[in-house]
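Q: Protein chains in written order, with our numbering: chain A, 83 to 492; chain B, 83 to 492; chain C, 149 to 291; chain D, 149 to 291.
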Ligand SMILES: Cc1ncc(COP(=O)(O)O)c(C=O)c1O
Ligand SMILES: Cc1ncc(COP(=O)(O)O)c(C=O)c1O
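#1: What is the rounded straight-line gap between the Cα of residue 448 of chain A and the Cα of residue 150 of chain B?
#2: Which full runs of the beta strand (DSSP E) of 3+ residues lie inside the region 293 to 378 of chain A, going along the chain?
#3: Could you tell me which whole beta strand (DSSP E) segments of length 3 or greater appear in the region 155 to 182 of chain C?
#4: Grab the span of the alpha helix (DSSP H) containing residue 474 of chain A for me, first residue to last.
#5: Looking at the strands, I want to know which residues DSSP matches up with residue 442 of chain A.
#6: Which residues have a Cβ closer than 5 Å to any heavy atom of ligand 2, listed in chain order?
#7: Quick one: residues in its chain with C-beta nearer than 7 Å to the C-beta of residue 475 of chain B, no 5 flanking neighbours on either side, listed in chain order?
#8: According to DSSP, is residue 195 of chain D helix, strand or coil?
#9: Just checking: is the beta-carbon of residue 269 of chain D within a distance shorter than 8 Å of some beta-carbon in chain B?
#10: Contact check, residue 199 of chain D vs residue 172 of chain D under 8 Å by CB: the rounded distance?
#11: If we define contact as Cβ-Cβ less than 8 Å, is residue 145 of chain A a contact residue for chain C?
#12: Any heavy atom of ligand 1 within a distance shorter than 7 Å of the CB on residue 253 of chain A?
#13: Determine, using beta carbons only, whether residue 359 of chain B comes closer than 8 Å to chain A.
#14: What would DSSP say about residue 221 of chain C, mapped onto helix, strand or coil?
#15: Please name the residue in B:86, B:91, B:101 and B:106 whose C-alpha comes closest to that of residue 479 of chain B.
#16: Check the Cβ of residue 112 of chain A against every Cβ in chain D and list those closer than 9 Å, keeping chain order.
#17: Ignore the nearest five residues each way along the sequence and tell me which others in residue 410 of chain A's own chain have a CB closer than 8 Å to its CB.
#18: Since residue 117 of chain A and residue 311 of chain A should fall inside the 8 Å C-beta cutoff, what is the C-beta to C-beta distance between them, to a whole number of angstroms?
#19: Is there a Cβ from chain B that is less than 8 Å from the Cβ of residue 179 of chain C?
#20: Extract the residue ranges of the alpha helix (DSSP H) inside the region 105 to 175 of chain B, only unbroken runs of 4 or more that lie entirely within it.
#21: Nearest chain B C-beta to residue 466 of chain A closer than 8 Å, yes or no?
#22: Is DSSP giving residue 216 of chain A helix, strand or coil here?
#23: Cα separation between residue 99 of chain A and residue 453 of chain B?
#24: Between which two residues does the alpha helix (DSSP H) holding residue 401 of chain A run?
#25: What does a CB cutoff of less than 7 Å around residue 278 of chain B pick up in its chain, not counting 5 residues either side in sequence?
#26: Is any non-hydrogen atom of ligand 1 found closer than 7 Å to the C-beta of residue 310 of chain B, if you look at the structure I gave you?
#27: Does any CB atom of chain C fall closer than 8 Å to the CB of residue 138 of chain A?
#28: Run through the DSSP bridge pairs and tell me what residue 423 of chain B is partnered with.
#29: Please name the residue in A:437, A:470, A:345 and A:176 whose C-alpha comes closest to that of residue 363 of chain A.
#30: Can you find a CB in chain A that lies within less than 8 Å of the CB of residue 173 of chain C?
#31: Does the Cβ of residue 409 of chain B lie closer than 7 Å to at least one heavy atom of ligand 1?
#32: By how many angstroms is the C-alpha of residue 217 of chain A removed from the C-alpha of residue 265 of chain A?
#33: With 7 Å as the C-beta to C-beta threshold (strictly closer), list the residues of the region 196 to 211 of chain B near chain A in chain order.
#34: Shorter than 7 Å, the distance from the beta carbon of residue 442 of chain B to the closest heavy atom of ligand 1, or not?
#35: To the nearest angstrom, how far is it from the Cα of residue 210 of chain C to the Cα of residue 428 of chain B?
#36: Compile a chain-ordered list of the residues in the region 207 to 232 of chain C whose CB is closer than 9 Å to at least one CB of chain E.
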C-alpha cells in the first residue's frame, strides 16, 4: 500500500495483471501509452451488448431509450469528472487525436487568418502538433513554440514576446508524456485570454492522473483519451467552452448531427450533437463511465499522490542505478511518465531485454520527435505508472536494467 | 430454420435475445440501425482486454506485439471479406460516416475544381450526402442526383446526361437503408470509370448482408460499419483502391500516421497507416474480426438467402395486413430493410405501440430526409432483418400492428 | 397499463377530432415549426384582442402526440391574457420535464399528456405546438 | 534461451567493434537512411571497381541490431559483384520475412540476425542498412 491506494486490492480488479510473459509475471510500466482495464469496465461493455445494445436517439423503443440514457449519462459523468457544469460542453469521440483535429478544423480553420499565430510548446505530442501544422498550412497562420528550460519545465521567461495579439490559439499539454512536465495551466490560460487567444489543453496524460477542473483553470478546450484512463479503446472526447462550440463549424457530416437536410444544404443540431456524426462509440463511452466511477471511488487526489510517490521512488532508484532521467525531478511539478537513458544502451535494446524479464516499457520517440531533437537524443526509454503499479515493480525494472547491463557489458 | 440458417441455434449466441421488454420477449427488427452482437464478439473484446491489451506498433514488448498482430490480422480479415487482395487497402475507423468524411476530405477536396460535379442518388443516407455538401461548398463543385423510379429502384434512364466528364465522383449506397434497393454496382462503376470518375459505395447496409467483392465490382471506395455486421460499436473502415489512397492527402493528423515530424512540417507513412492517427479502436476492430469469422462460418450466401426469404415473407404479410410497403418487391433486387406506412397511423405512434408488445422497429426519416420528400411522406416505419430473425417475428410484428389499429380505430 | 394511459381517450379524441384546426386569416401572430426528426409540422395562428388571446388555431400534421397537444393548447390558451398564456406554457413545459406536478384546473385536457414524460423522444412532439405558440407571441414587436 | 540467441556474441561483437565503420571519400555510391520510428541512422558508402564492390563502409548510430546488421553487411558484400550483392540483399530480406531459410555459406555472420524475425518491430532496424545499400547501388545511373 502506497499513499492511500490499496494497490494489492486494486490489482485484483485487473485480469491482465495475472498474466505471465516469457514465464515471468507481467510488470506493466507503459500506462502513459495505454492503461489496462479493470473488470468493472470490461464487464460494463459486455453488459451493454448483452442487455441494452441499440442505436441512440433514433429508436422509439425501450432498448434504444436505455442506450441513449446510458450514453448521455456517460457524458454527464465525464463532464463532471473534469469540472464542467454543462454536459453539453462534452463532445464524444475516439480521444485526444480526434479532438485536436476537431478543434483544428471546426475552430482554427474558421478563425485563423494569414499572419495569425498558433503558439505551442517544444514538448508537444505529434497529436498536438501535426493538426496545427495542417491548420496553419490551410490558413496561412504560423506556428511558434515555447521553449523548454534546462530542468524540463517550460521556459516562460519569453512568454510575453511569444504570446501576442497575433496569437489566436495556445496549445499545450497538461502533462508531458515524455518528461512528465505539468505546465502552470491557470497562468497560461489567463495569459492567453489576456491577448484574446483560446487555450487548448492536451489532456491525454493529465486527465487520467490528476484532478482537472476546466472551470477553475478557465480552459477553453480540453482533449480526453478514455483508453489512457482505464476506459475502452475508442472512448474519450473533447471539452469545449459552450460559446466556442456554438461558433464552430461542424466537422464530420452525416446522420444525427443534422436538423434538416436538403439535397444541396443542411442545418445542424446544437452542440455537442453537431459534432457527433453517424453511429457513435456507444459501448465505449458507456465503458468509460465505468472507468470514471472506478477512479472516483479511489479519488483522484489519492491517485495523484500514489503516482507522485512511485515516481519519486522510480527517479531515485533509476538515478542510483546509473540512468539519466529526463524531466523535472520535483514530483509536485510532474506526472508519472519517466523517460531515461541507461548507460548508452539504445532504448530499443533495453526494452527488448526488459520484455524478456516481463517488464514492459516503451522505447522510441514517444510521438514527440521535435522534443527528442531538443533533448538531443534519438529516442528514450520510458517507464510510466498508474494506480496498479507498486514500488516492487520499480525494483523489477531496475533489476532488469542490471541484466541488460550485464549483457551489453556497458 | 429458414434457408440454410439454423436460426434457433444462432439465436442462442445472442445473449440480448433472451431479454424481455415490457414483459414480452424481445423482437428486434432494427438491425439496419445497428445489429446485435453474438457471444463470440463480446467475448473476443473482453478477452483482448483481459489478456492482450496494449497499444499498437509502439511497444517493443510481447503484449504490444500481440495486440499489433491481432489488429493487423483483423485488417487482413476485413480485406478478404470484401474481396480486397491487399490488406493495406483497408483503413480502420469508426464506420461509414467517418469513412465518407475521410474520402470527402482526403480525396474530393484535393481533386474537385469549381464546375466539377459529384453525382449521388435521391436515396442516399445523410452520411453519404452531407460530407459531399461540405466538399462541394469548399471546392465550388456541384451535387447532382440520380432520381428514383416509381418502383423504388434507381432510374438510370438519364444516366448519360447525369454522368459526364464533369463528374469526378459517383456516390451511391450499395443497399438502401430505407427501401432496401440494391443498385447495379458493377454497371455504375463501369459507367463512372468511363467518364474518369471514381465510385464511392456506401456499404453500411450492403457489407453486412451480401457478398461483396470490390475487385470484381471494380469499386474505388467502399465504406464499412462494423456495428451493423455483428461487430462492436466504433469498428469498421474504408476500402480504397491503392493508387487512390497513395494520392490522397492525410485527414486526421497526429501520432502513428507520421514518418518524420519537424516543428513546421511532417512526412507521412504509407497507406493505410497514413490515415490512422492516434490510438486506434483496437479492441473494436479485433472484435470485428470475430464478427467476420462468425458471418463467414454461416456463409454470406446463406445469410443473403435467409434475408431474402424473411423479407419476401414480411412484404407479403405486411401488404396483406393493409400496409403500404416502399421499395422494390423483388427480393433479388433488394435487402431486408422494409419501410412501410400502416393505415394512416403515424410511424412514431406505431413504433411506440409496437414497443409495448416487445417489437422494436424504427420510425422516422432514417437519416434520409431528401428521400422522404421524394416519397412524399414525413417518415416511415421500418422493420429490418438479420440472421437471428425468424418468420415468427414477422408474425409478431403483424400482430402488433393489428393492436395498433385497434387502439387508433383507423 | 402505461400504454392505455398515454393514449387515453382524451389524446385520441383530440387527435381524431382536432379543435381549432384551421387557418386564421385575420390573426396577426403566427409561427410555423417542424420537428425534422419525425416530420411533425405545426403552424400556430393567434389573434390578440386587447391583450387577450381572442382566437388561437393551428394547422399541421404529425403523430398523435404532436397534433393532440396542439389541439389542446389552442383550447387552453384561448380567452387568456398574453401573460396567463405564457405562464401556462411554462407550466406545461415544467410538466413535460417532469419537474412540475400538473394542475388540472389550469391545464385541463393537457394533463393527459403527462404520460409522455416517460418517453423522452416524444417529449419534443408534445412541446412542438408550445414552441410555435411562444415564438408567435414573442415575435417581432411582441416581446 | 531466445534472448541469448538474439544477442549472441556475434551481434554484440559487431555492435561493439563495428567493421568498416568510416567515411569513404572516394566512394561514388552512397545513401543515408534513418528509421524515424527509433532514430536509427545509417549511411552506406561504396566504391565500385570494374563491377565489383571494392569497398563498402558505413556510418551511423542506433540500436545494436541496426548497427550490427550494417557492420555485417559491409563485410558480406565487399568483393562481390554488383549482381551477387543484390542477390544477397534479396536473400537477407527473405530471411527477415521468415520466408527463406538462411544459407550460412553466403550470409556469413548475418545468419545471427535470424532471431530478429520473432520481433516484428525490430525487423526494420535489421534491414535499414540493406535498404540504404540497395538505394545506393540503384541510385542515378546505377539501375
Ligand atoms: C445506408 C447507410 N449509410 C450510412 C449509414 C451511416 O453509418 P454509420 O452510422 O455506421 O456511420 C447508415 C446507417 O445508419 C446507412 O444505413
Ligand atoms: C500528451 C499526449 N498527447 C496526445 C496523445 C494522443 O492520444 P491518443 O492516441 O489517445 O489520441 C498522447 C498519447 O499517446 C499523449 O500522451
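Heads up, the beta-carbon is just placed ideally off N, CA and C, and yes, glycines get one too.
A: By the coordinates alone:
#1: Within the first chain, numbered from 1, the residue matching residue 448 of chain A stands at position 366. Within the second chain, numbered from 1, the residue matching residue 150 of chain B stands at position 68. Distance between the alpha carbons of residue 448 of chain A and residue 150 of chain B: 17 Å.
#2: As far as the region 293 to 378 of chain A is concerned, its whole beta strand (DSSP E) runs of at least 3 residues are 303 to 307, 318 to 322, 340 to 343 and 348 to 350.
#3: Whole beta strand (DSSP E) segments, 3+ residues: zero.
#4: Indexing the first chain from 1 puts residue 474 of chain A at position 392. Taken as a continuous stretch (DSSP letters only), the alpha helix (DSSP H) holding residue 474 of chain A covers 473 to 490.
#5: Against the first chain, residue 442 of chain A aligns to sequence position 360. BP columns for residue 442 of chain A point to A:110.
#6: A distance filter of 5 Å between CB atoms and the heavy atoms of ligand 2 selects the following residues in sequence order: A:177, A:178, A:179, A:207, A:209, A:255, A:259, A:284, A:286, A:287, A:307, B:360 and B:361.
#7: By one-based count along the second chain, residue 475 of chain B stands at place 393. If we look at residue 475 of chain B and ignore the five residues flanking it on each side, its Cβ neighbours are 109 and 111.
#8: For the purposes of this step, residue 195 of chain D is identified with residue 47 of the fourth chain, where counting begins at 1. In the displayed model, residue 195 of chain D falls within a strand according to three-state DSSP.
#9: Along the fourth chain, one-based indexing puts residue 269 of chain D at 121. Taking Cβ atoms only, chain B reaches closer than 8 Å to residue 269 of chain D, which makes this a yes.
#10: Along the fourth chain, read from residue 1 onward, the residue named residue 199 of chain D stands at position 51. Along the fourth chain, read from residue 1 onward, the residue named residue 172 of chain D stands at position 24. About 18 Å separates the Cβ atoms of residue 199 of chain D and residue 172 of chain D, ruling out a contact at the 8 Å cut-off.
#11: On the first chain, residue 145 of chain A is found 63 positions in, with the first residue counted as 1. Put simply, the CB of residue 145 of chain A is far from chain C, with every gap to its CB atoms at 8 Å or more.
#12: The residue given as residue 253 of chain A occupies position 171 in the first chain. No, since every heavy atom of ligand 1 falls outside the 7 Å radius drawn around the Cβ of residue 253 of chain A.
#13: By 1-based counting over the second chain, the position of residue 359 of chain B is 277. Judged by the 8 Å Cβ criterion, residue 359 of chain B is in contact with chain A.
#14: Within the third chain, the letter at position 73 stands for residue 221 of chain C. In this structure, DSSP gives residue 221 of chain C a helical state, which the three-state scheme calls helix.
#15: Within the second chain, the letter at position 397 stands for residue 479 of chain B. For the residues B:86, B:91, B:101 and B:106, the minimum Cα distance to residue 479 of chain B belongs to B:106.
#16: Stepping through the first chain from its first residue, residue 112 of chain A is reached at position 30. Proximity of chain D to residue 112 of chain A at the Cβ level (cut-off 9 Å) is not reached, the minimal Cβ distance being about 14 Å.
#17: By one-based count along the first chain, residue 410 of chain A stands at place 328. The answer, listed in chain order, is 233, 234, 235, 261, 262, 263 and 416.
#18: Along the first chain, one-based indexing puts residue 117 of chain A at 35. Along the first chain, one-based indexing puts residue 311 of chain A at 229. In this structure residue 117 of chain A is in contact with residue 311 of chain A, their Cβ atoms being roughly 6 Å apart against a cut-off of 8 Å.
#19: As a position in the third chain, residue 179 of chain C is number 31, starting the count at 1. Answer no: the Cβ-Cβ gap between residue 179 of chain C and chain B never drops below 8 Å.
#20: Here the runs fully enclosed are 121 to 129 and 144 to 163.
#21: On the first chain, position 384 is the one that residue 466 of chain A refers to. Answer no: the Cβ-Cβ gap between residue 466 of chain A and chain B never drops below 8 Å.
#22: For this step, residue 216 of chain A is matched to residue 134 along the first chain. Residue state, collapsed to three classes: helix.
#23: Walking along the first chain from the start, residue 99 of chain A turns up at place 17. Walking along the second chain from the start, residue 453 of chain B turns up at place 371. Looking at the two C-alpha atoms, the distance is approximately 52 Å.
#24: Position 319 of the first chain, counted from the first residue, corresponds to residue 401 of chain A. Here the alpha helix (DSSP H) through residue 401 of chain A covers 382 to 402.
#25: Translated into positions along the second chain, residue 278 of chain B becomes position 196. Only 247 meet the Cβ criterion.
#26: In the second chain, counting from the first residue as 1, residue 310 of chain B sits at position 228. Yes.
#27: Within the first chain, residue 138 of chain A is the residue found at index 56, counting from 1. Interface residue (Cβ-Cβ distance to chain C less than 8 Å): residue 138 of chain A is not classified as such.
#28: As a first step, residue 423 of chain B is located in the second chain; it is residue number 341 there, counting from the start. B:406.
#29: The count along the first chain starts at 1 and reaches residue 363 of chain A at position 281. A check of alpha carbon separations from residue 363 of chain A across A:437, A:470, A:345 and A:176 identifies A:176 as the nearest.
#30: Your numbering for residue 173 of chain C matches position 25 in the third chain. So, not an interface residue.
#31: Taking the first residue of the second chain as 1, we reach residue 409 of chain B at position 327. Checking the Cβ of residue 409 of chain B against ligand 1 gives no.
#32: The sequence position of residue 265 of chain A within the first chain is 183, counting from 1. The sequence position of residue 217 of chain A within the first chain is 135, counting from 1. For residue 265 of chain A and residue 217 of chain A, the distance between alpha carbons rounds to 24 Å.
#33: Here the close residues are 207, 208, 209 and 211.
#34: Within the second chain, the letter at position 360 stands for residue 442 of chain B. No, Cβ of residue 442 of chain B sits at least 7 Å from all heavy atoms of ligand 1.
#35: Your numbering for residue 210 of chain C matches position 62 in the third chain. Your numbering for residue 428 of chain B matches position 346 in the second chain. Distance between the alpha carbons of residue 210 of chain C and residue 428 of chain B is about 7 Å.
#36: In the structure shown, chain E cannot be found, because the protein chains are A, B, C and D.
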